[in-house]
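Novice: First to last, the sequence lines map onto chains D and L. End of the first sequence sits at 392 in the numbering used here; the numbers just go up one at a time, nothing left out. End of the second sequence sits at 392 in the numbering used here; the numbers just go up one at a time, nothing left out. By construction, the Cβ of each residue, glycine as well, lies at the ideal position given by its N, Cα and C atoms. All of these numbers come straight from a predicted model, not from anything done at the bench. Before I ask anything, here is the structure I am working with.
Number of protein chains: 2
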Amino acid sequence: MKKIAVDAMGGDYAPEEIVYGALQAVKNWQIPVILVGDSERIAPLVDEAGMTDSPLVELHHAAEVIGMDEHPGMAYRKKKDASIVQCAKLVKAGTAGAIVAPGSTGAAVTAGLFGLGRIPGFKRPAIATPLPRADGGVTLLLDSGASADPELESVLQNAVLGHFFMKEVYDISEPKIGLLNIGTEEIKGKPLVTQAFAAMREQSLYRFVGNVEGRDILTGQADVVVCDGFTGNAVLKFGEGVAKLIGTLLKEGIRNGGLREKLGAWLLAPALRGMLRRVDYAEYGGAPLLGIQGGLVICHGASKRKAIANATKLASAIAEADLSARVQAAVAGGVHGDE
Amino acid sequence: MKKIAVDAMGGDYAPEEIVYGALQAVKNWQIPVILVGDSERIAPLVDEAGMTDSPLVELHHAAEVIGMDEHPGMAYRKKKDASIVQCAKLVKAGTAGAIVAPGSTGAAVTAGLFGLGRIPGFKRPAIATPLPRADGGVTLLLDSGASADPELESVLQNAVLGHFFMKEVYDISEPKIGLLNIGTEEIKGKPLVTQAFAAMREQSLYRFVGNVEGRDILTGQADVVVCDGFTGNAVLKFGEGVAKLIGTLLKEGIRNGGLREKLGAWLLAPALRGMLRRVDYAEYGGAPLLGIQGGLVICHGASKRKAIANATKLASAIAEADLSARVQAAVAGGVHGDE
């Protein structure tokens, strides 16, 4: 099994929650990890967990951290000893197979783009977000924010990336690939999208199921939904906002209610918790950055141990699947590539 | 009070629910209405409601209907006697002040664009959707789908449209205008958005509060959120999908649960219903089409009487506010206009 480089200094709860999460992945699934960051802070946490002698746990010292408020590109070039920079070096050298990156999304994308490098034939990486569905499955939305203004080629390549990801990592034999649009008819939408539709219909590598509207992203109409990074990011963040609003209004209703509401809420709490667990990003761990050489999973800044453990598992699955070679071959073979 | 032309033949529940809704607006708020459509089907419904002799209710016969599956532009030109075409004629002639349009959104936009005509200086109309917030207020998102690929000028004009709409119709003295983006920093996003940011910061007609991320659309950071129609439509429909998913998962949890969950759900039902009422589009009636001469409110195809009554109320408020003149003056005065 390939080792996973975990940026132990990234995110709001670093290094504690990051280290605990990575160690949980070691215990649960025997995934070998390299904890990258300030050794003086990380070593005691590993010791406390009684895992200092584990052959599956390594430490790699890095003295600096790229903060959430720094310009990602500039900080990446200047801080050679930042934990995320060191993570990229470990993958580049072949020591690790993938990175788990909580903290600055911009720094993580920079690490993927410049530290690991693009897959030949791919101009832009894409952030792919796995979304829970009512049927228990998962739909991958990409790009969810890496490229705000991509060319047609990049949108099309997102389909290739999503296809192989769902096939190899989620074991779906023939993933349904959809195109995010504002109507189901072929002629709908903006030029970028109508052109993408035409090209996607022409290819035979993956199963194109046509346009998917925003309201059908979560219904299972497609396993992969392709879009530009501006739309994908706006859509996902609004979904977060809606879920939060519903939660707030419900809590208010209970708080302002009488004994009836309070008793009802107490009785219904397990079902409510079960529901929240199913739409909780922590269950899905993180969003992989695709289109780069080697794996990289971006985690929410607020990630705690459970999210980090699941992200480490996802990173390991990506490292084992060796997606880069497959997508490179497909694009070199003419599917949405230059020739 | 200006009369409101209601397309009684549009939507899934026409003409019954549309007529009942319009008559409810007459009873509740003394709004004069013209029911446009097949008189033979509409007259008995008015009679049944005992309102045949009401001076506030008129019938206007229209023999045809534009269906949801027809090409809106072509159908609009061909079917001169379609109910929505006749509605536009009534406003154009000054007989009515605004339209309530359930049914095909495409036909409604066409009616606004060609039947009523654009406001001089405005290239593209925008669909403005009022969204409920946790604080009890409303945020207007526009464009939510009229122009999938607008030029910069149209995005900027959406700010002017939203400003006057919230000021005049929702009585907010100085509405906060935000720009939908994928980060809060000035340099974030695609060129269309960074250019819009620069121009919005320069003007002094309205209160620009900067970039708003998807997750903050519902928090009250802004009263108006401006975007292109592709992003707006995708965002709104995904929000619908998220709300539906949460509802489905909760119902499942209750159905698969035992006595505890069922009793809890029964006790909590009033609070749950209260919450749903606050995020229910029917409460808000519909989405106005702005940037055109005269008022037009687009309703969801699944609208029932309550949504239609509220849409009629909104249409009346728009007709009384005379928005067209105000936005035309602002644009002619140089705010996001040609000169």
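Just list the alpha helix (DSSP H) runs in the region 106-183 of chain D, keeping only unbroken ones of 4 residues or longer that don't cross its boundaries, in chain order.
Specialist: Counting whole runs of 4 or more residues, the region 106-183 of chain D contains the alpha helix (DSSP H) stretches 125-131, 136-145 and 158-163.
Novice: For L:GLU266, decide whether its Cβ has a neighbour in chain D, counting only Cβ atoms nearer than 8 Å.
Specialist: Closer than 8 Å to some Cβ of chain D, the Cβ of L:GLU266 qualifies, so yes.
Novice: For a quick check, are the C-beta atoms of L:LEU303 and D:ALA324 less than 8 Å apart?
Specialist: A contact, by the Cβ cut-off of 8 Å.
Novice: Taking Cβ to Cβ, would you say D:ASN234 is nearer than 8 Å to D:ASN211?
Specialist: No.
Novice: Against chain D, with Cβ distances strictly below 8 Å, would L:GLY231 count as a contact?
Specialist: No - not a single Cβ of chain D is within 8 Å of the one on L:GLY231.
Novice: What whole-angstrom Cβ distance do L:LEU232 and L:ALA252 have, given they're in contact under 8 Å?
Specialist: L:LEU232 to L:ALA252, Cβ: 10 Å. No contact.
Novice: Determine the closest residue to L:GLY390 out of L:GLY317, L:LYS176, L:VAL279 and L:ALA374, with distance taken between C-alpha atoms.
Specialist: Among L:GLY317, L:LYS176, L:VAL279 and L:ALA374, the Cα nearest to that of L:GLY390 is on L:LYS176.
Novice: I need the DSSP call for L:GLU392, collapsed to helix, strand or coil.
Specialist: With a pLDDT of 43 at L:GLU392, under the threshold of 50, the modelled position of that residue is not reliable, and the figure given next carries that caveat. Looking at L:GLU392 - three-state DSSP - the assignment turns out to be coil, as it is neither helix nor strand.
Novice: Listed in chain order, which residues of the region 146-173 of chain D have Cβ atoms closer than 7 Å to some Cβ of chain L?
Specialist: Against chain L - using a Cβ distance shorter than 7 Å - the region 146-173 of chain D contributes no residues.
Novice: Alpha carbons only, please: which of D:LEU245, D:ILE137 and D:PHE217 is nearest the one belonging to D:ILE87?
Specialist: Nearest C-alpha to D:ILE87: D:ILE137.
Novice: For D:LYS243, which option in L:THR105, L:GLY198 and L:ASP100 has the closest C-alpha, if you only look at C-alpha atoms?
Specialist: It is L:GLY198 whose Cα lies nearest to the Cα of D:LYS243.
Novice: Using DSSP with H/G/I as helix, E/B as strand and the rest coil, what is L:PRO97?
Specialist: Residue state, collapsed to three classes: helix.
Novice: Exposed or buried, what is D:ASN286 when buried is set at 16 or more other beta-carbons lying within 10 Å of its beta-carbon?
Specialist: So D:ASN286 counts as buried.
Novice: For L:SER207, is the classification buried or exposed, using 16 other Cβ atoms within 10 angstroms of its Cβ as the cut-off for buried?
Specialist: Per the 10 Å Cβ criterion, buried.
Novice: Report, in whole angstroms, the separation of the C-beta atoms of L:GLY236 and L:GLU266, which I expect to be a contact under 8 Å.
Specialist: Indeed, because the Cβ distance is near 7 Å, the residues count as touching under 8 Å.
Novice: At the 8 Å Cβ level, is D:GLU314 part of the contact set with chain L, yes or no?
Specialist: With 8 Å as the cut-off, D:GLU314 counts as an interface residue toward chain L.
Novice: Let me make sure I understand the geometry here. Which of L:TYR223, L:PRO173 and L:TRP82 has the alpha-carbon closest to that of L:GLY190?
Specialist: The residue with the shortest Cα to Cα distance from L:GLY190 is L:TYR223.
Novice: What's the gap between the Cα of D:ARG313 and the Cα of L:LEU321?
Specialist: Going from the Cα of D:ARG313 to the Cα of L:LEU321 covers about 7 Å.
Novice: When we look at the beta-carbon of D:PRO97 and count the other beta-carbons within 10 Å, is it buried (16 or more) or exposed?
Specialist: Exposed is the call here.
Novice: Starting from the beta carbon of D:THR284, find every residue of chain L whose beta carbon is closer than 7 Å, and list them in chain order.
Specialist: Neighbours of D:THR284 on chain L, chain order: PHE283, THR284 and ALA287.
Novice: When you compare each of L:LEU109, L:HIS353 and L:LEU193 to L:ILE230 by their alpha carbons, which one comes out closest?
Specialist: For the residues L:LEU109, L:HIS353 and L:LEU193, the minimum Cα distance to L:ILE230 belongs to L:LEU193.
Novice: Please return the same chain residues whose Cβ sits closer than 7 Å to the Cβ of D:GLU392, not counting the five positions on each side in sequence.
Specialist: Low confidence applies here, because D:GLU392 scores a pLDDT of 43, under 50, leaving its location unreliable; read the following figure in that light. Correct list: empty, nothing qualifies.
Novice: Can you check whether the C-beta of L:PHE261 is within less than 8 Å of a C-beta belonging to chain D?
Specialist: Judged by the 8 Å Cβ criterion, L:PHE261 is not in contact with chain D.
Novice: Consider the Cβ of L:THR301: report whether some Cβ of chain D lies at a distance smaller than 8 Å.
Specialist: Yes, L:THR301 lies at the interface with chain D (some Cβ there is under 8 Å from its Cβ).
Novice: Have a look at L:ALA135, L:LYS241, L:GLU123 and L:LYS290 and flag the residue whose alpha-carbon is nearest the alpha-carbon of L:ASP60.
Specialist: Ranking L:ALA135, L:LYS241, L:GLU123 and L:LYS290 by Cα distance to L:ASP60 puts L:ALA135 first.
Novice: Per DSSP, what are the beta-bridge partners of L:PHE261 in this structure?
Specialist: Looking at the DSSP assignment, L:PHE261 forms a beta bridge with L:ILE230.
Novice: Looking at the structure shown, is D:ILE225 part of a helix, part of a strand, or coil, going by DSSP?
Specialist: Residue state, collapsed to three classes: coil.
Novice: Rounded to whole angstroms, what is the Cα-Cα separation between D:ARG130 and D:CYS140?
Specialist: If you take the alpha carbons of D:ARG130 and D:CYS140, they lie about 14 Å apart.
Novice: Within the continuous beta strand (DSSP E) that includes L:LEU302, where are the two ends?
Specialist: Counting along the chain, L:LEU302 falls outside any beta strand (DSSP E), though it belongs to the alpha helix (DSSP H) covering 282-308.
Novice: In this structure, does DSSP put D:THR272 in helix, strand or coil?
Specialist: Coil at D:THR272, not helix or strand.
Novice: Determine, using beta carbons only, whether D:SER386 comes closer than 8 Å to chain L.
Specialist: Before going further, note that residue 386 of chain D is Gly rather than Ser in the sequence given. So no, D:GLY386 is outside the interface.
Novice: Along the region 243-258 of chain D, what residues have a CB closer than 7 Å to any CB found in chain L?
Specialist: Listed by position along the chain: LYS243 and PRO244.
Novice: Could you say which of D:MET104, D:GLY338, D:VAL110 and D:GLU93 lies nearest to D:GLU117 if we only look at CA atoms?
Specialist: Per the Cα distances, D:GLU93.
Novice: Are the C-beta atoms of D:ASP276 and some chain L residue less than 8 Å apart?
Specialist: So no, D:ASP276 is outside the interface.
Novice: Hey, D:LEU166 and D:VAL110: beta-carbon distance below 8 Å or not?
Specialist: It is not a contact, given that the beta carbons lie outside the stated cut-off.
Novice: When burial is assigned at 16 or more other CB atoms within 10 Å of the CB, is D:ARG268 buried or exposed?
Specialist: So D:ARG268 counts as buried.
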